[in-house]
Structure formats: structure tokens, C-alpha cells
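Residue numbers (the working numbering): 97 to 146. Virtual Cβ for every residue (Gly too), placed ideally from N, Cα, C. Below: the structure, in C-alpha cells.
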Amino acid sequence: MELFGQVKSAGFTFQNQSILQGINLSVLWKISEIESAFLAPGYFGAKTEK
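Dropping the structure here:
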């Protein structure tokens, strides 16, 4: 019973890590999406030319 509980909690931890990694990846993807929107041609061009 003790071993089973350890295996179960290890599986649960692994599952949580995968979920967290998925969240991190989607957050990073959103950030890069926002960055590319700001770095779109013309944004910095307009700023530096003035």
C-alpha cells in the first residue's frame, strides 16, 4: 500500500509538471505573439525616423 501511494503521488507530480509546462509554453507563445505585433514593420521605423 505504501509503495502504491508513492507511485500514485509521483504520477500526480509528473502530471502537474506537464500541465505547468503546457501553461508556460502557451504564456511564452502569447508573449512572443505580442512582441512580434510590436516589432511589426513600421512600429520601430516610425519611432526611429522621428
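When you compare only the Cα positions, how much space is there between Ala133 and Lys104?
-> Here residue 133 corresponds to residue number 37 of the sequence shown, with the count starting at 1. Here residue 104 corresponds to residue number 8 of the sequence shown, with the count starting at 1. Going by the C-alpha atoms only, they are around 44 angstroms apart.
With DSSP run on the structure shown, which of helix, strand or coil describes Leu135?
-> Position 39 of the sequence shown, counting from 1, holds the residue named residue 135. Reduced to three states, the DSSP call for Leu135 is coil.
Cα-Cα separation between Glu98 and Leu116, rounded to whole angstroms | As a working note, residue 98 is residue 2 in the sequence shown. As a working note, residue 116 is residue 20 in the sequence shown. C-alpha separation (whole angstroms): 27 angstroms.
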